[in-house]
Structure formats: structure tokens, C-alpha cells
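Participant:
This is the structure we're talking about:
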């Protein structure tokens, strides 16, 4: 995979953090798998960043030439890079529907004469870049107002009013661009009527205009941009700027925004950690360890006293069967405070509690602190049983506080559905996943099959990718299982 360019300053570093997720999401739509998506996203990101640098340092930089804001600029670079793949014979990594689109007259509209391009693309490009960025982040990326305000350096109290203003500016730019578009006589006769009708949400659309919009793509696109109400603006923007996959990209971004809000209900999902929280956790951990040690000491004393009295009263008993006070089977409860800090788990002669749970339930949910008590009568799996699957956990890209990884599992048996789970050592969090649904409980992540990739033949592979965040360290995943059965794991 090509390396991403090195940021030249803090502004470009912020660009990576803000835009990479969006670029990879669209690249995944455009390709046939996570590996191709990573390649396409990296090439497009590098190309888009070069374009932004050239526009900012060229002879016309002082005049701020009209251009798209950062995220749509990079998304267009994804589409352009995909077209270059198709032309150079690398199109086998692209989605088949995209390849058909790239070789059709629909794609030609985005590279042909400027006045023939979609009205939404031209209208967004004609706006001042901060206004266009505000519109895109709000309507397409579906970011909440406080996140938009922080990203663009705006006052959170006034950002809603500013969004309303830029919607009006966008409508005005689209109206002018639509009137400047070369039209036939029929479209020209409807242009003024189209503007008048869509100024008011209560106005009825005449029947002949409605029939015309059903058959004329440019006029229908203009109508979506001119309509101030009804919720069609996000689709008009995404479809007009991206072309192929615009509506699918819009749905992905809305689902990602909803997931962030669900993870942080009523709070800023990007707010920094509360000062002192780490220290409080350390204090709670220390108190827990102290309590455990005191309990263990009391238990040992009581066992010693009980053993002495038993020895006095049962002289004829079988002393070989008596349990010694220093029972090697006694252990402290396993907690976050008492767990060893070793990087690699030590092998044990007996199965772990996690293995017991996997035997009882072949499809376990993510678990927190494991219990040290097994359910009575539960058969313990054999530690000599060879793994029925192999897995590769590959970190294909990493930046300041985030990373992209691909998981590939080869199964020895046929699957009608699947669930892959693993654990993180360093507090990593999954933020977005494709080709699977996911849930995370503490360090344990569980990925389940999507509707279209549940069936896997014996000896076949299942693959999915995700974006994650990390702080301090980003150790590879461990304890990876397929449907509760341990897989032989390789990391890259």
C-alpha cells in the first residue's frame, strides 16, 4: 500500500484526522474489498493533498481560487483516482457498477465542459470555502452543531443561524448556475418557473413542470438544490459532487454520526477526557487490591485455625487427604488491578475461564472481567485440540491517534453465519467497520457478518476492515476467536 504523505504543518495534520475516515468510507464503496479500498484511499488522499498544496502556493493563491472544501475535494480525488485505475487496466479492484458508470455518459458530465457539470458541484465550488465547508459538514457529514463549530472555529451559539445563511447562499449560487447552463428551449421555458415554485414550500408544482422534471436530469438536479425545505439538500449535495455512490456515501456518514451519538448520548463525543479521571481510576484500583489482600489474609487465618482444630479432633483420619493451608489452587480474583502487565499472556496447563464460556456458549457476547468459577458439570475443552481456523490481523495504516486494520479469517468448516471476536491490550476503540457489524465491551470487540457475506465455504476466507483510535500504544489484537473457537493468529 502506498504511504500517505507526511503532514507539513499542524494544519495538514488536522486534515488527516478530519478527512481520512471520510475518504476511506467512500473508497470502500468504490472497491471490491478492504485491501483495494486502502490502496485507493491512500492514492486519492495523496493526490488530493498535492492539489490542495498547489492551489495554496500557486500564483493565484492570494486570490483564493474557487475550489471545493477539504472533504469533498478529497472525495472527488477518490473518484478521479478510480477513473485512472480503470484507464490503466487496474479496474479489477473497483466495484463493477462503478466501472460501468465510469464508462458511461454520466461520468463524462464531471470531466466535460464546466457549464455542463452538475449544478450542486458548481454551486458549492462558487461559495467561499469556509461557507462551503460549513454546509458540507452539516448536511452531508451529519456532524452535530457543536462539532462543526469546533472544527471550523465558530461560536456554538450562532452556528445554527450561520447554517441557515449558507443554505440560502448555496441556493442562490445554484439558481445562477442553472440559468447559465446551456439549455434547449423547453428547459429554458421552465427555468424561471422552477425558481419561483421552489421558493415556497406551500407552492404546488404544475403538472407539466412535474412531468418535465421526471424526464430531464439537469432540471431535476437544479430543483433539488433550489428546494429550501423537504430534506432533499443532503442528497442533492452528495449526488451532485460525488456522482456515483453519492447516496450510499450519505447513508454511511449518517449511520456513523448516529453511532457516535449513541456511544456518547447527550455529550460531546470528541470532548477530551475529564481531568483527574485517570488518577481516580488508579485510586479505585489501589483500594480494590488492598481489599482483596485483606480478604485473602483473613481467609488464610481462618483456614489455619480450622486446620489445627481438625487435626486435634481427628487423629485417626486420613491426613493425606487433608487440604494444606497453603493451597496451590487458591488465587486472588482476576481484576484490572491484579492482572499481570505482561505483553504476552502466559500459557496455562488448564483451560482459561474464557475457554469454559466458549464451550458453554459457542457464540459469546463480549465479556468484561472473567469469572474464576466454572459452572458445575461443564465439560472442559481439550487444550490439545488444534485450531479450526487461522486469522491475520493486519494494521495497514496508522497515524497520530488512529489506525486502519484488516482482519482475514480462513475457516476449515463451512459457515452459514459467523462471529469473530478479539481483545485489545492498550485501550484501542473501534470507530467504524465495513463488511461486518460490531460491538465493543471494554477491550473485547465482536464483529458479526453482514447480510451479504454470512456464508463461507469450507477452506474459504472472510474479510472485514475497520478504523480505530489509540493512545500511547497500539499493540496487535490477541485472543481472536471464530464463533467462540480459538484461531491461530498472525499479526502484521
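Residue numbers (the numbering used here): 890 to 1381.
Heads up, the beta-carbon is just placed ideally off N, CA and C, and yes, glycines get one too.
Exposed or buried, residue 1067, counting other C-beta atoms within 10 Å across all chains shown (16 or more means buried)?
Facilitator: Residue numbering aside, residue 1067 sits at position 178 when the chain shown is read from its first letter. The residue is buried, with at least 16 neighbouring Cβ atoms inside 10 Å.
Participant: Measure how close the beta-carbons of residue 980 and residue 988 come, nearest whole angstrom, since I'm counting them as under 8 Å.
Facilitator: Looking up residue 980 in the chain shown gives position 91. Looking up residue 988 in the chain shown gives position 99. Rounded, the Cβ-Cβ distance is 5 Å, consistent with contact.
Participant: Give the straight-line distance between the Cα atoms of residue 934 and residue 909, rounded to the nearest whole angstrom.
Facilitator: In the chain shown, residue 934 corresponds to position 45, counting from 1. In the chain shown, residue 909 corresponds to position 20, counting from 1. In a straight line, the C-alpha of residue 934 is about 8 Å away from that of residue 909.
Participant: Any idea what DSSP makes of residue 1285, helix, strand or coil?
Facilitator: In the chain shown, the residue the question calls residue 1285 occupies position 396. Strand, per DSSP.
Participant: Select from 1055, 1320 and 1296 the residue whose C-alpha is nearest the C-alpha of residue 1351.
Facilitator: Position 462 of the chain shown holds residue 1351. Of the listed residues, the one whose Cα sits closest to residue 1351 is 1296.
Participant: On a CA-only basis, which of 1102, 1108, 914 and 927 is nearest residue 1286? Give me that one, please.
Facilitator: As a working note, residue 1286 is residue 397 in the chain shown. With distances taken between Cα atoms, residue 1286 lies closest to 927.
Participant: Counting C-beta neighbours from all protein chains within 10 Å, is the total for residue 925 16 or more, i.e. buried, or is it exposed?
Facilitator: Here residue 925 corresponds to residue number 36 of the chain shown, with the count starting at 1. Buried.
Participant: Unbroken alpha helix (DSSP H) runs of length 4 or more, entirely within the region 966-1024: which are they?
Facilitator: Entirely contained in the region 966-1024, the alpha helix (DSSP H) runs reaching 4 residues are, in chain order, 985-991, 994-997 and 1008-1015.
Participant: Helix, strand or coil for residue 1317? Go by DSSP, reduced to three states.
Facilitator: Counting from one through the chain shown, the residue named residue 1317 turns up at place 428. Coil, per DSSP.
Participant: In the DSSP output, what is residue 1367 paired with across the bridge?
Facilitator: The sequence position of residue 1367 within the chain shown is 478, counting from 1. The partner list for residue 1367 (beta bridge, DSSP) reads 1312.
Participant: For residue 1180, count neighbouring Cβ atoms within 10 angstroms of its own Cβ and tell me buried if that reaches 16, exposed if not.
Facilitator: Position 291 of the chain shown, counted from the first residue, corresponds to residue 1180. Residue placement at residue 1180 is flagged as unreliable, the pLDDT there being 49, under the threshold of 50; the coordinate-derived value follows with that caveat. Result: exposed.
Participant: Taking the alpha-carbon positions, what's the residue 1145 to residue 931 distance?
Facilitator: Reading the chain shown from its first residue, position 256 is the one you call residue 1145. Reading the chain shown from its first residue, position 42 is the one you call residue 931. About 21 Å.
Participant: Taking the alpha carbon of residue 1127 as the point to measure from, which residue in 1012, 1069, 1034 and 1334 has its own alpha carbon closest?
Facilitator: The residue you call residue 1127 lines up with position 238 of the chain shown. Ranking the options by Cα distance to residue 1127, first place goes to 1012.
Participant: What whole-angstrom Cβ distance do residue 1314 and residue 1329 have, given they're in contact under 8 Å?
Facilitator: Working through the chain shown from its first residue, we reach residue 1314 at position 425. Working through the chain shown from its first residue, we reach residue 1329 at position 440. Actually they are not in contact, since the Cβ atoms of residue 1314 and residue 1329 sit about 14 Å apart, beyond 8 Å.
Participant: In terms of alpha-carbon separation, which member of 991, 1304, 1337 and 1029 lies closest to residue 1138?
Facilitator: In the chain shown, residue 1138 corresponds to position 249, counting from 1. Checking every option, the nearest Cα to that of residue 1138 belongs to 1029.
Participant: Look up residue 1081 in the DSSP assignment and give the residues it is bridged to.
Facilitator: Translated into positions along the chain shown, residue 1081 becomes position 192. Paired residues: none, contrary to the question.
Participant: Taking all protein chains shown into account, decide if residue 1293 is buried (16 or more other Cβ within 10 angstroms of its Cβ) or exposed.
Facilitator: For the purposes of this step, residue 1293 is taken as residue 404 along the chain shown, with counting starting at 1. That one is buried.
Participant: Specify the secondary structure class of residue 915 as computed by DSSP and reduced to three states.
Facilitator: Walking along the chain shown from the start, residue 915 turns up at place 26. DSSP places residue 915 in helix when its eight states are reduced to three.
Participant: Can you tell me whether residue 1377 is helix, strand or coil according to DSSP?
Facilitator: Residue 1377 sits at position 488 when you count from the first residue of the chain shown. Three-state result, residue 1377: strand.
Participant: Can you tell me which of the three DSSP states residue 1341 falls into?
Facilitator: Translated into positions along the chain shown, residue 1341 becomes position 452. If DSSP states are grouped into helix, strand and coil, residue 1341 belongs with coil.
Participant: Helix, strand or coil for residue 1298? Go by DSSP, reduced to three states.
Facilitator: Stepping through the chain shown from its first residue, residue 1298 is reached at position 409. Strand at residue 1298.
Participant: How many angstroms separate the CA atom of residue 937 from the CA atom of residue 1023?
Facilitator: As a working note, residue 937 is residue 48 in the chain shown. As a working note, residue 1023 is residue 134 in the chain shown. So the alpha carbons of these two residues sit roughly 20 Å apart.
Participant: Going by DSSP, which residues form a beta bridge with residue 1358?
Facilitator: As a working note, residue 1358 is residue 469 in the chain shown. DSSP lists 1291 and 1318 as partners of residue 1358.
Participant: Which residues in the same chain have their Cβ closer than 8 Å to the Cβ of residue 1124, if we skip the five residues on either side of it in sequence?
Facilitator: If you number the chain shown from 1, residue 1124 lands on position 235. Closer than 8 Å at Cβ, skipping near neighbours: 1113, 1135, 1136 and 1139.
Participant: Under a three-way DSSP split, which group does residue 1304 fall into?
Facilitator: Against the chain shown, residue 1304 aligns to sequence position 415. Three-state DSSP puts residue 1304 in a strand.
Participant: DSSP three-state label for residue 1326, please.
Facilitator: Sequence index remark: in the chain shown, residue 1326 carries index 437 (1-based). Residue 1326 falls in the strand class under three-state DSSP.
Participant: Find the nearest neighbour of residue 1142 within the set 1130, 1077, 1064 and 1032, judged by alpha-carbon distance.
Facilitator: Position 253 of the chain shown holds residue 1142. That would be 1032, whose Cα lies nearest to the Cα of residue 1142.
Participant: Around the C-beta of residue 1384, are 16 or more other C-beta atoms found within 10 angstroms, so that it is buried, or is it exposed?
Facilitator: There is no way to answer for residue 1384, as the model of the chain reaches only from 890 to 1381.
Participant: Over the uninterrupted alpha helix (DSSP H) stretch that includes residue 1096, give me the two end residues.
Facilitator: Taking the chain shown and counting its residues from 1, the one referred to as residue 1096 is at position 207. Per DSSP, residue 1096 belongs to the alpha helix (DSSP H) from 1096-1102.
Participant: Give the straight-line distance between the Cα atoms of residue 1379 and residue 1370, rounded to the nearest whole angstrom.
Facilitator: Mapped onto the chain shown, residue 1379 falls at position 490. Mapped onto the chain shown, residue 1370 falls at position 481. If I take the Cα positions, the gap works out to 13 Å.
Participant: Return the residue from the list 1299, 975, 1333 and 1290 that minimises the CA-CA distance to residue 1280.
Facilitator: Translated into positions along the chain shown, residue 1280 becomes position 391. Residue 1299 is the option with its Cα nearest to residue 1280.
Participant: I'd like the list of long-range same chain contacts for residue 1303, defined as Cβ closer than 6 Å, with 5 residues on each side in sequence excluded.
Facilitator: In the chain shown, residue 1303 corresponds to position 414, counting from 1. 1346 and 1347, listed in sequence order.
Participant: Residue range of the alpha helix (DSSP H) that residue 1058 falls in?
Facilitator: Position 169 of the chain shown, counted from the first residue, corresponds to residue 1058. Element bounds for residue 1058: 1048-1069.
Participant: Buried or exposed, going by whether 16 or more other CB atoms sit within 10 Å of the CB of residue 941?
Facilitator: Walking along the chain shown from the start, residue 941 turns up at place 52. That one is buried.
Participant: Applying the criterion that 16 or more other CB atoms from any shown protein chain within 10 Å of the CB defines a buried residue, is residue 1173 buried or exposed?
Facilitator: By one-based count along the chain shown, residue 1173 stands at place 284. Low confidence applies here, because residue 1173 scores a pLDDT of 45, under 50, leaving its location unreliable and the question unanswered by this model.
Participant: Based on the DSSP secondary-structure assignment, which residues constitute the bridge partners of residue 1334?
Facilitator: The count along the chain shown starts at 1 and reaches residue 1334 at position 445. Its beta-bridge partners are 1311 and 1329.
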